[in-house]
Amino acid sequence: MSTLPGVWQIAAAWEQVRGPVIVPLLRASVLLCLAMSAMLFAEKVYMAVVVLAVRLLGRRPERQWKWEPVGEDDPELGSAAYPMVLVQIPMYNEREVYQLSIGAACGLSWPSDRIIVQVLDDSTDPVVKELVQVECQRWARKGVNIKYETRNNRCGYKAGALKEGMKHGYVKDCDLVAIFDADFQPEPDFLSRSVPFLVHNPDIALVQARWKFVNADECLMTRMQEMSLDYHFKVEQEVGSSTYAFFGFNGTAGVWRISALNEAGGWKDRTTVEDMDLAVRASLKGWKFVYLGDLKVKNELPSTFKAFRYQQHRWSCGPANLFRKMVMEIITNKKVTLWKKIHVVYNFFFLRKVVAHIVTFVFYCLVIPATILVPEVEVPKWGCVYIPAIITLLGVVGTPRSVHLVIFWALFENVMSLHRAKATFIGLLEAHTVNEWVVTEKLGDTVKTKMPSKALKKLRMGIGERLHLWELGVAAYLFICGCYIISFGNNHYFIFLLMQSIAFFIVGVGYVGTFVTQ
Numbered sequence: 001m002s003t004l005p006g007v008w009q010i011a012a013a014w015e016q017v018r019g020p021v022i023v024p025l026l027r028a029s030v031l032l033c034l035a036m037s038a039m040l041f042a043e044k045v046y047m048a049v050v051v052l053a054v055r056l057l058g059r060r061p062e063r064q065w066k067w068e069p070v071g072e073d074d075p076e077l078g079s080a081a082y083p084m085v086l087v088q089i090p091m092y093n094e095r096e097v098y099q100l101s102i103g104a105a106c107g108l109s110w111p112s113d114r115i116i117v118q119v120l121d122d123s124t125d126p127v128v129k130e131l132v133q134v135e136c137q138r139w140a141r142k143g144v145n146i147k148y149e150t151r152n153n154r155c156g157y158k159a160g161a162l163k164e165g166m167k168h169g170y171v172k173d174c175d176l177v178a179i180f181d182a183d184f185q186p187e188p189d190f191l192s193r194s195v196p197f198l199v200h201n202p203d204i205a206l207v208q209a210r211w212k213f214v215n216a217d218e219c220l221m222t223r224m225q226e227m228s229l230d231y232h233f234k235v236e237q238e239v240g241s242s243t244y245a246f247f248g249f250n251g252t253a254g255v256w257r258i259s260a261l262n263e264a265g266g267w268k269d270r271t272t273v274e275d276m277d278l279a280v281r282a283s284l285k286g287w288k289f290v291y292l293g294d295l296k297v298k299n300e301l302p303s304t305f306k307a308f309r310y311q312q313h314r315w316s317c318g319p320a321n322l323f324r325k326m327v328m329e330i331i332t333n334k335k336v337t338l339w340k341k342i343h344v345v346y347n348f349f350f351l352r353k354v355v356a357h358i359v360t361f362v363f364y365c366l367v368i369p370a371t372i373l374v375p376e377v378e379v380p381k382w383g384c385v386y387i388p389a390i391i392t393l394l395g396v397v398g399t400p401r402s403v404h405l406v407i408f409w410a411l412f413e414n415v416m417s418l419h420r421a422k423a424t425f426i427g428l429l430e431a432h433t434v435n436e437w438v439v440t441e442k443l444g445d446t447v448k449t450k451m452p453s454k455a456l457k458k459l460r461m462g463i464g465e466r467l468h469l470w471e472l473g474v475a476a477y478l479f480i481c482g483c484y485i486i487s488f489g490n491n492h493y494f495i496f497l498l499m500q501s502i503a504f505f506i507v508g509v510g511y512v513g514t515f516v517t518q
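By the UniProt record's numbering, the letter at position 364 of the sequence shown is numbered 364, and the numbering carries on one by one without gaps.
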């Protein structure tokens, strides 16, 4: 009985602040989120129209730019007609995949005297370092011009390794540099299909290939990642390449003109997205980029939730932080057109790297559920049903084989928006973890061949390691809002709230992705 007055006091305090404080704040939040949703909707429709036009008009890169096989202009020159290519493979304790990437790079079809394979090993595990060095020596005995390079520290992480790799004397003879992360396996014809764009078009600085995922079917989480990344490559990269000859370098599976790389200032480690940083700076110098959607490079998706979460933090925090650092430099630049500035600042950075992450979590997982508890604030149906539905459907066009998973994908994307929104704010505010860098764990094939399949799917973990309190907190909030609308509401929005609550709960208890024993 003694607790009853306390409950009444809380209820009375809530009524006192709800009208003058909560309602206006929530109403303003709804209007702001609706505006951001409308901007995002317009961007998605615009990109869909551009991609459709590109398909209908047949605007393939080979038609937009000059492309002829290298060496055919003057066969008498022999291998001298081919530009000197440096292939960089940065790696860090990549025990499971180092052989795949080194073997693929050494198997590239290119004159042996016109290619140098450079393995940049930052490994701290002495056993892994020895394995990588032995693998390089094995290929060297086969006649491959391969260099094994190490550093005394990991200053600058990947950007630092790539920058250090460019300082070696033999690099001065190279015209182009191809970059592959340790889990990437280019096909032998990769250079013969990409390099001609750089040879015959002196204003092109970068040729970017598409990623092809070898483990997309490993678990439901990798299928969700495939859907998101297919949209990025098939739509976002395609639109940027076709309209403004600009897009973000993906950090791997690309070929750079070394003179353009140097003119842009080389590699910088001021953010966790050194690849995007370089691309923006090169674009501001007037250089153009080409994306080849039909040139695919095999690679591996992170299949453990821990690895995926760290990757998403880096991919969300880095662009936001880079936007903060470069927005005025972009606006005041004199070498690029006004329309390109608008594209880079508004479309590329503000909408895709800031608004998309924030509005997904804040609007759909916080604000809309809050309106259930404050019935004075209403969200129009076009804002909470029609626009989200169209954006979701447009987001899965890149992966037709997974259309039936669209509901699971939307729920999972909303869960991950928690981490992306948090990382975006960290990047914008330059909080203490802004430059946090955790290398994405790769499993390769070796783990799977050494372990029984059941061991990949089950692992007893400590409760502290497996539980994710942020997700569980949001799950509880959505569940309460869902139950409230069942009891006192007059619509069916509780279906989404309860489904989303279950999705947050599943991730919160760690039952997502692949588990591997150590």
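Idealized CB from N, CA, C, for every residue including glycine. These numbers come from a predicted model, not from an experiment.
According to DSSP, simplified to helix, strand and coil, what is residue i?
i, result
"Tyr291", "strand"
"Glu135", "helix"
"Lys454", "Low confidence applies here, because Lys454 scores a pLDDT of 45, under 50, leaving its location unreliable; read the following figure in that light. In the structure shown, Lys454 sits in a helix (DSSP, three-state: H, G or I)."
"Arg460", "Reliability fails at Arg460, whose pLDDT of 46 lies under 50, so the model's placement of it is uncertain and the value that follows must be treated cautiously. If DSSP states are grouped into helix, strand and coil, Arg460 belongs with coil."
"Lys296", "strand"
"Val97", "coil"
"Met91", "strand"
"Tyr148", "strand"
"Thr304", "strand"
"residue 519", "The requested residue 519 is not part of the displayed model; the chain covers only 1 to 518."
"Gly513", "strand"
"Trp256", "strand"
"Thr446", "Legend: pLDDT at Thr446 = 45, less than 50; position of this residue unreliable, value from coordinates given subsequently. Thr446: helix per DSSP, three-state reduction."
"Ala245", "coil"
"Leu120", "strand"
"Val273", "coil"
"Leu108", "coil"
"Ala182", "coil"
"Ala475", "helix"
"Leu229", "helix"
Identify which residue in the options has its Cα closest to the Cα of residue i.
i, options, result
"Phe284", "Ala253, Phe246, Leu301, Phe305", "According to the sequence shown, residue 284 is Leu rather than Phe. The option with the nearest alpha carbon to Leu284 is Phe246."
"Phe479", "Leu498, Lys142, Ile485", "Leu498"
"Ile102", "Ile146, Val70, Glu130", "Ile146"
"Glu43", "Ala423, Leu351, Ile407, Ile506", "Leu351"
"Glu436", "Arg270, Val512, Leu108", "Arg270"
"Tyr493", "Ala260, Pro380, Ser316", "Pro380"
"Asn201", "Leu32, Met39, Arg63, Val434", "Arg63"
"Trp67", "Val397, Gln500, Val509, Leu198", "Leu198"
"Gly508", "Met227, Met416, Met276", "Met416"
"Ile89", "Leu25, Asp183, Gly58", "Asp183"
"Pro83", "Leu52, Val54, Leu176, Glu96", "Leu176"
"Met221", "Ala48, Ser402, Leu292", "Ser402"
"Glu94", "Ser112, Gly71, Gln133, Lys142", "Gln133"
"Phe249", "Ala161, Met326, Pro388, Ala282", "Ala282"
"Val119", "Trp139, Ala35, Met47", "Trp139"
"Ser123", "Glu149, Met47, Phe41", "Glu149"
"Ala260", "Ala205, Leu34, Cys219", "Ala205"
"Gly489", "Phe180, Val438, Pro369", "Pro369"
"Phe190", "Asp173, Ile426, Val85", "Val85"
"Ser112", "Cys33, Met91, Gly143", "Gly143"
Assign residue i to buried or exposed, taking buried as 16 or more other Cβ atoms, counted over all protein chains shown, within 10 Å of its Cβ.
i, result
"Lys450", "At Lys450 the pLDDT is 39, less than 50, meaning the model places this residue with poor confidence and gives no usable figure here."
"Thr272", "buried"
"Lys454", "Residue placement at Lys454 is flagged as unreliable, the pLDDT there being 45, under the threshold of 50; a coordinate-derived value is accordingly withheld."
"Tyr511", "exposed"
"Tyr386", "exposed"
"Arg141", "exposed"
"Cys384", "buried"
"Leu57", "exposed"
"Thr371", "buried"
Are the CB atoms of residue i and residue j nearer to each other than 9 Å?
i, j, result
"Trp382", "Lys296", "no"
"Leu373", "Tyr484", "yes"
"Ser192", "Trp110", "yes"
"Trp256", "Ala178", "yes"
"Gln208", "Ala253", "yes"
"Ser316", "Thr424", "yes"
"Ala307", "His357", "no"
"Gly240", "Phe348", "yes"
"Lys234", "Val51", "yes"
"Val359", "Ser37", "yes"
"Leu405", "Val354", "no"
"Val70", "Val117", "no"
Using a Cβ-Cβ distance under 9 Å, would residue i count as near chain C?
i, result
"Val434", "The structure shown contains no chain C, having only a single protein chain."
Compute the beta-carbon to beta-carbon distance between residue i and residue j, rounded to the nearest angstrom, for a pair I have assumed lies under 8 Å.
i, j, result
"Val377", "Val17", "In fact, because the Cβ distance is near 14 Å, the residues do not count as touching under 8 Å."
"Gln185", "Lys335", "Rounded, the Cβ-Cβ distance is 37 Å, inconsistent with contact."
"Glu135", "Tyr170", "Rounded, the Cβ-Cβ distance is 20 Å, inconsistent with contact."
"Ser303", "Asn215", "6 Å"
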